[in-house]
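Each residue of the sequence shown is one higher than the last, beginning at 258 in my numbering.
Virtual Cβ for every residue (Gly too), placed ideally from N, Cα, C.
Quick notes on the structure that follows.
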Amino acid sequence: MNRSVVSVAVFLSILLAACASAAPIPTSSPAPIPSATPPPTATKIPPTETLIPTATPTEIPVFWEDFDKEFQSGWSWIRENDALWSLDSEPGFLRIVLTGDRPPRNILIRDVTSENFQIITHIKFKPTSNYQFAGLTIRQDDDTTVSLGRAYCNTQNVCVGNGIYFDAVQNGQWTGNNFGTDTQMKDEAYLRIDKNKSTFTAYYSENGTDWMMIGQHEMTMLDPKVGIFAGQSFIVGQVALFDYFSVMEIP
């Protein structure tokens, strides 16, 4: 496995709007998402040239999870369905089966110890229908999140099909652009979000080394949690594999 060191609440709601308008781990359930949220304006935005972030993270991760056999301590599930995830089916990977539950199930999160940080994951996932998603999340609760992932949306002139999507919602309201970026690689992705105060910057890589900036969101988030999830599929059974997850501090 490649070990290169490299948010979700309502990604389905966001993507729908954009396209149309192992020790035992405790479970927690945030408040439900508002049902009458006005849709944002969808904007398909091309990737930015490869950039080096202005803030340089620490060289050694403050947390590394390689999903081998059992979880490290500190993880918790939101709306866990333990029949839909496994650390054994694909050795060395966290395997999550996508469903259409809304809000999504099986959001795996943990605390961070620094205000400014970088999170990275490597996923193997090939979405094939609306609105399958797998990737990173930084979240305060279901109403305030940012999410970056490989996902699928097929609305012409708005979405990019199987691509990288970066979206944000704050206090139940969409904020900023809904970034959709096409990629040559279609069945995996290295994903990274840098948080520097109120700025969230998303990156994508095909090799875990050379990073392409996807976009930025500006928002305030209290006591954010970080993690991963996969879901939002009308077809139950699609699988996402998470290779690793890392956290690094940004001074």
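{"Query": "Mind checking D451: buried by the 16 CB within 10 Å criterion, or exposed?", "Result": "buried"}
{"Query": "Which one or two residues does DSSP pair with W431 in a beta bridge?", "Result": "V426"}
{"Query": "Identify which residue in W334, D399 and D323 has its Cα closest to the Cα of P360.", "Result": "D399"}
{"Query": "Quick one: is I309 buried, meaning 16 or more other Cβ sit within 10 Å of its Cβ, or exposed?", "Result": "Unreliable placement is indicated for I309, whose pLDDT of 39 sits below 50; no coordinate value is reported for it."}
{"Query": "Would the segment 381 to 398 count as touching the segment 483 to 503 if we require 3 or more Cβ pairs under 8 Å?", "Result": "yes"}
{"Query": "What's the call for E372, buried or exposed, on a 16-neighbour Cβ count within 10 Å?", "Result": "exposed"}
{"Query": "Could you compute how far the alpha carbon of G484 sits from the alpha carbon of R367?", "Result": "6 Å"}
{"Query": "Checking the sheet assignment: what are the DSSP bridge partners for E445?", "Result": "K381"}
{"Query": "DSSP state of D451, grouped into three classes?", "Result": "strand"}
{"Query": "How is the beta strand (DSSP E) around C410 delimited, first residue to last?", "Result": "T401 to C410"}
{"Query": "Determine the closest residue to V354 out of C416, W321 and K381, with distance taken between C-alpha atoms.", "Result": "K381"}
{"Query": "Thinking C410 and N387 are a contact (beta carbons under 8 Å), I'd like their distance in whole angstroms, please.", "Result": "6 Å"}
{"Query": "Tell me whether L355 sits in a helix, a strand or coil according to DSSP, three-state version.", "Result": "coil"}
{"Query": "Can you check whether the CB of K383 is closer than 9 Å to the CB of D467?", "Result": "no"}
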